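*Asks:*
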Amino acid sequence: MKAFLIPTVIGSLCAGSAAAQTELLLSIRADEDVVVLGGSVNYTISAELLNPTGPILATIVDFGFDLTFGSPNLTITNNEFTSSFDSDFFGPADDGTVTGDTILDAHGQNGIPPFNSLGGPDSSNPIEIYNFTLTQTTPDTALYFPTFVLNGQISGSYENSPLPIVFYYQDANGNPGSVPVRVVADSVVFVPAPASGLALLGLGTIATRRRR
972 MKAFLIPTVI
982 GSLCAGSAAA
992 QTELLLSIRA
1002 DEDVVVLGGS
1012 VNYTISAELL
1022 NPTGPILATI
1032 VDFGFDLTFG
1042 SPNLTITNNE
1052 FTSSFDSDFF
1062 GPADDGTVTG
1072 DTILDAHGQN
1082 GIPPFNSLGG
1092 PDSSNPIEIY
1102 NFTLTQTTPD
1112 TALYFPTFVL
1122 NGQISGSYEN
1132 SPLPIVFYYQ
1142 DANGNPGSVP
1152 VRVVADSVVF
1162 VPAPASGLAL
1172 LGLGTIATRR
1182 RR
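Using this note's numbering, you'd call the opening residue of the sequence shown number 972 and step up by one each time.
Dropping the structure here:
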């Protein structure tokens, strides 16, 4: 199975207006920008279909990915898909294998008819997909940024009768689909306490992002 590397951009640099075309905006957001040495930060992966061309049945139907920060000083814990991606038909979501600061082969399905879960699918737009906690195990004053790769088929769906209209962000072989994908990701910087000392390190501009 091929994987398609999606370019990620620091969140503070991507606060401009949405493009006119239909596209999927994947967000990898941290609940803090600046963390004390040896601390933790919580990340959330979510998706929003911008400028949809019909009533949305599921912004995301199936979703698989790898993610890493590329540092031996970090670990990931508490990683899991949201309950929308636990399928009654295909089984619970696979939260992936965690090694240090890397998540591999995570995959979940927000099933659509005729394979939807009881009460599903989750038609939220944006939709929350996945959560994890990043912890610095070896204190080091540094800025970290995630690398993100989509794996396999990634799709969405519009409402339709008798069968939903399925469209693809990426096909099963890892090739781009009919709807393009854009990723924004937050960096996090670890600094000595108090966090206000960041300005003394000359990293204030890098660590600041505009929240939507």
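Idealized CB from N, CA, C, for every residue including glycine.
Predicted, not measured: the structure shown is a model, and the values here were computed from it.
(1) Can you tell which of T1048, V1154, V1162 and E1130 has its C-alpha closest to the C-alpha of T1068?
(2) Are there 16 or more other CB atoms within 10 angstroms of the CB of G1062, so buried, or fewer, so exposed?
(3) Look at the Cβ atom of L1038, then the Cβ atom of I1074, and state whether they are nearer than 8 angstroms.
(4) What do you get for G1041, buried or exposed, if any count of 16 or more other CB atoms within 10 angstroms of its CB means buried?
(5) What's the call for L1134, buried or exposed, on a 16-neighbour Cβ count within 10 Å?
(6) Which residue from A991, E994 and S998 puts its Cα closest to that of D1157?
(7) Would the beta-carbon of A1029 fall within 8 angstroms of that of D1076?
(8) State the Cα-Cα distance for the pair L1105 and Y1014, rounded to the nearest angstrom.
(9) Where do the ends of the beta strand (DSSP E) carrying Q1107 lie?
(10) Excluding the 5 residues preceding and the 5 following S1011 in the sequence, name in chain order all residues of the same chain whose CB lies nearer than 6 angstroms to its CB.
*Replies:* So, from the listed chains and residues:
(1) T1048
(2) exposed
(3) yes
(4) exposed
(5) exposed
(6) S998
(7) no
(8) 7 angstroms
(9) I1098 to Q1107
(10) T1104 and T1106
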